[in-house]
Amino acid sequence: MAKFVVTLRLPDDFDDAFIALISRHRAFINRLIEDDIIEAYAISADRTRGWVTMNGQSAEAIQAIVEQFPLFRFLQGIEVDELFIFDSKASRFPAISLN
284 MAKFVVTLRL PDDFDDAFIA LISRHRAFIN RLIEDDIIEA YAISADRTRG
334 WVTMNGQSAE AIQAIVEQFP LFRFLQGIEV DELFIFDSKA SRFPAISLN
């Protein structure tokens, strides 16, 4: 299975319709994390961009999942890039404790 990073551009203003969907969106993201489809989910401090690291068969499969995000209709832009290398502390073996 390939790994992808999805770059999201969020709207400039969050209206009531956007805010009303945030909890449903978070629940959907949490389910994808539990299902090992999403590895990492981040939103910039200024809330203008987001990055999602995802596992999938193809860019088209990833795009289809992103289109199911409850906040999808509000996104101003989406880029899906397949990764060659993805390394993180979370993907490494835990430190061995001899206790």
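In terms of the numbering used here, the sequence shown opens at residue 284 and continues consecutively.
Backbone N, C-alpha and C fix where the C-beta goes; we use that ideal spot for every residue, glycine too.
Secondary structure of residue i, DSSP reduced to three states
| i | result |
| --- | --- |
| A344 | helix |
| F357 | helix |
| R307 | helix |
| F369 | coil |
| R375 | coil |
| L315 | helix |
| A328 | coil |
| D299 | helix |
For residue i, the nearest candidate out of the options (CA to CA)
| i | options | result |
| --- | --- | --- |
| T336 | D329, I348 and P377 | I348 |
| E322 | S380, A378, P377 and A373 | A373 |
| W334 | E317, R375, L358 and S341 | L358 |
| T290 | F301, I379, D319 and F355 | F355 |
| D295 | S341, G360 and T331 | T331 |
| I320 | I326, A328 and S341 | S341 |
| E365 | L315, E343, A300 and A378 | E343 |
| N338 | A378, Y324 and D329 | Y324 |
| R292 | A378, L381 and A328 | A328 |
Neighbour-count burial assignment, residue i, 16 or more Cβ in a 10 Å radius
| i | result |
| --- | --- |
| I345 | buried |
| F297 | exposed |
| F352 | buried |
| G360 | exposed |
| F376 | exposed |
| L315 | buried |
Inter-stretch contact at 8 Å, needing at least 3 Cβ pairs: the region 299-307 / the region 369-382: no
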